[in-house]
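As given, the protein sequences belong to chains S and Y, one line each in that order. Residues 26 to 166 in this note's numbering are what the first sequence spells out, letter by letter. Residues 26 to 166 in this note's numbering are what the second sequence spells out, letter by letter. Positions of the beta carbon are idealized from the N, C-alpha and C atoms, including for glycine. I have placed the structure first, in the form of structure tokens, so that the comments after it can refer back to it.
There are 2 protein chains.
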Amino acid sequence: MKKPETLLKRHHVRVTNIRKEIVAALLEKETALSYREIRDCICESHDRVTVYRTLNTFVNEGIMHTISSADGVVRYALCSDGSCEPHHHDDRHIHFLCKKCGRTFCLPFRAQPDFEIPTGYKMDSFEISVSGLCENCLNPS
Amino acid sequence: MKKPETLLKRHHVRVTNIRKEIVAALLEKETALSYREIRDCICESHDRVTVYRTLNTFVNEGIMHTISSADGVVRYALCSDGSCEPHHHDDRHIHFLCKKCGRTFCLPFRAQPDFEIPTGYKMDSFEISVSGLCENCLNPS
DNA sequence: CTATACTTGCAACAATGTTGCATAAATAAT
DNA sequence: ATTATTTATGCAACATTGTTGCAAGTATAG
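Structural data, given as structure tokens:
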């Protein structure tokens with residue numbers, strides 16, 4: 026398991042408490058988290074504004090990417106190593122929203138962009154969002 | 026061109042001014058519209074709350090579906106005839122967000138869901154969102 | 001250890017979205 | 001046509017999300 030500090034340094038951003046806490050939360054949960062969920066994982070004394078600014082910084086530096094799920098909630102997920110250029114999300118994976126537990130996962134499978142867009146349109150990037158039941162909710166052990 | 030009133034009656038919802046205006050806006054623009062865009066198309070005197078409630082009704086009755094685009098804005102698009110069961114969006118089309126003009130289109134192409142999800146997950150529905158340049162912005166005539 | 005560049009917290013603001021309740025309007029029934 | 005009933009609307013109030021400017025504090029480079 027990687028340390029938050031290492032990850033921050035690798036991306037050349039300053040190491041602060043809130044940054045370590047947010048990265049730690051993402052590493053621990055192993056799912057994408059909404060602002061609200063992140064808020065509940067970190068020390069309460071941090072200001073709302075700082076949380077938003079930190080998340081924006083992370084997205085801009087390619088540490089995280091955002092996910093717009095079917096439920097309309099924006100979530101944040103760590104980019105896998107080297108998968109995110111600053112400002113450009115790696116789209117070669119599928120986002121999965123579990124309708125039961127509400128958790129969002131980045132599925133490790135690479136999506137084959139095997140769909141056509143009409144002539145005249147130019148595709149830059151795409152996102153595939155799947156809703157359904159996750160492993161845990163489908164087969165509770 | 027279909028009349029808003031016809032569409033509303035077919036779905037067995039009451040015909041009111043705001044409902045006709047909202048459907049008319051969607052029919053006229055031929056793109057998906059955000060709350061804000063819808064607001065700008067209809068008579069100002071309608072209350073915000075009524076707009077939201079109307080949109081919810083439309084989604085629940087299968088008249089429209091929502092689109093969560095890469096820019097985080099929720100947009101509303103008319104369902105093509107018979108394509109939406111109440112509460113269940115037909116996912117066999119691609120949503121396209123133009124990065125230049127900001128408009129969102131429902132592309133008529135049926136998506137080939139040619140991607141795999143890991144064993145243990147159960148897929149209910151999916152959404153493919155593409156960003157890029159639309160016809161107009163790519164080849165301004 | 002100091003200088004400085006970057007972060008943080010606070011106040012204020014704007015937009016989005018929801019709920020309860022009284023009133024008004026659309027449809028169904030007479 | 002008129003009334004009864006069901007549904008929709010507008011208003012007030014509230015909660016959440018997200019942004020900006022600025023002063024004070026902190027991490028890092030030198």
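Closer than 7 Å at the beta carbon, the chain Y residues around S/M20: Since the first and last residues shown for chain S are 26 and 166, residue 20 of chain S lies out of range.
Under the three-state DSSP convention, the category S/A50 falls into: helix
Where S/D96 falls: helix, strand or coil (DSSP): coil
Collapsed DSSP secondary structure at S/I43 in the structure displayed: helix
C-alpha distance - Y/E160 paired with Y/K124, whole-angstrom precision: 12 Å
Segment limits, beta strand (DSSP E) that includes S/C123: Start and end: I119 to C123.
Residue from Y/C131, Y/E62, Y/D96 and Y/V74 with nearest C-alpha to Y/A50: Y/A50 has its Cα closest to that of Y/E62, out of Y/C131, Y/E62, Y/D96 and Y/V74.
C-alpha gap between Y/S105 and Y/L52, whole angstroms: 11 Å
Meets three-Cβ-pair contact criterion under 8 Å: the segment 63 to 81 of chain Y and the segment 31 to 49 of chain Y: Touching, yes, given that three or more Cβ pairs across the two stretches are closer than 8 Å.
At least three beta-carbon pairs within less than 8 Å, the segment 27 to 39 of chain S to the segment 54 to 61 of chain S: no
At least three beta-carbon pairs within less than 8 Å, the segment 93 to 104 of chain Y to the segment 83 to 98 of chain S: yes
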